[in-house]
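Here the sequence shown is numbered in our numbering, starting from 27 and rising by one per residue.
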Amino acid sequence: MSTTRRKALLLGLAFAATTSTIAQPALAQSATQSLSQESVIETIKQDGVLRVGLSVFTPWSMRDKNGELIGFELDVGRALAEDMGVDVEFIPTAWDGIIPQLVSGNFDVIISGMSITPERNLTVNFSDPYAFSGQTILANKELTEGFALEDYNSPDVTFSARRGATPATVIATLFPEAKLLLFDEEAAGVQEVLNGNAHATMFAEPSPSIEARRYPEKLHVPFDRTFLATGEGFALRKGDPDALNFFNNWIATRTASGWLKERNDYWFKGDDWQSEVAE
């Protein structure tokens, strides 16, 4: 090969390498912009509304005496919307359908005390935890008098729980021999225990202790322990790294400021709010 041709070939290779080096960042930037534009964050900003899916259960979210929604999740959703500079719309949804409703696009995010589990993670993505809770047994005093923990795992024992919620899974795992009645609302499960149709139910504190104080002659929390103490996260549709990044950063900021702990302590460790809710 002549010297002239060799120089031409080297120049061509150098040009190609330079062009490739220039093109790669451009392609990466284009891909990043495309992902950002497809994020639900952009939709929220454009519409001016954050749509939050939640299921009503005390004290995460509940109705006050005027029928208005109050609770920990309402505080979280409103603060999140305020920091985004948008309005907020809360969409109450049955628990067993809340993930399908999210995937279908009926709201932007689930903020509803949803425990982070591998099974759910197959369908949705989770933010970092913004709260931590465990499950506690609430039992009928008369039906469970003298029971040790192992006595609850019997075909003669009946549990009640909210359909599709974490306690139903925990009960089935810890007490596989017991019968399990499922209901759409947590309150219905408590009523079954109160009426003596079920020996016990299970859900997150402070609700079991509140119910035991409300009906001290009939209900009690038999064990000073929680089961499956996991973190709760925001649930969002898959394929949205922009939204996941934003929600994680928001949770980190509000955790560092102490705001999330203060709101959590108010709703879960105090009872000042109980006068706002009908008995």
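The beta carbon of each residue, even a glycine, is placed where N, CA and C say it ideally should be.
On the DSSP bridge assignment, give the partners of residue i in chain order.
i: D113; result: V75
i: F83; result: S87
i: A261; result: I136 and F152
i: P118; result: L80
If you follow the alpha helix (DSSP H) that residue i is part of, which residue opens it and which one closes it?
i: T227; result: Segment A226 to A230 is the beta strand (DSSP E) holding T227; no alpha helix (DSSP H) there.
i: S233; result: S233 to R240
i: R146; result: P144 to N147
i: F273; result: P267 to A282
i: R189; result: Where R189 is concerned, there is no enclosing alpha helix (DSSP H), given that its DSSP letter is neither H nor E.
i: A214; result: E212 to L220
Please go through the same chain and pick out, in chain order, the residues whose beta-carbon is closer than 7 Å to the beta-carbon of residue i, but skip the five residues on each side of it.
i: R189; result: W121, D122, L208, F209 and D210
i: L175; result: F249
i: L220; result: Y241, K244 and L245
Helix, strand or coil for residue i, going by three-state DSSP, please let me know.
i: V303; result: coil
i: F201; result: coil
i: E176; result: helix
i: Y292; result: helix
i: P126; result: helix
i: W285; result: helix
i: L106; result: helix
i: L169; result: coil
For residue i, collect the residues of the same chain with a Cβ closer than 6 Å to its Cβ; drop the 5 residues on either side in sequence, then sort them by chain order.
i: E288; result: none
i: T192; result: S141
i: T84; result: S233
i: F273; result: S153 and F260
Residue range of the beta strand (DSSP E) that residue i falls in?
i: I163; result: A157 to N166
i: T252; result: Taken as a continuous stretch (DSSP letters only), T252 belongs to no beta strand (DSSP E), as it is neither H nor E.
Going by beta carbon distance, what residues of the same chain come within less than 8 Å of residue i, once the five residues before and after it are set aside?
i: W25; result: Past the boundaries of the shown model lies residue 25; the chain is included only from 27 to 305, so the question cannot be answered.
Report yes or no: do three or more beta-carbon pairs, one from the stretch 104-112 and one from the stretch 159-167, lie closer than 8 Å?
no
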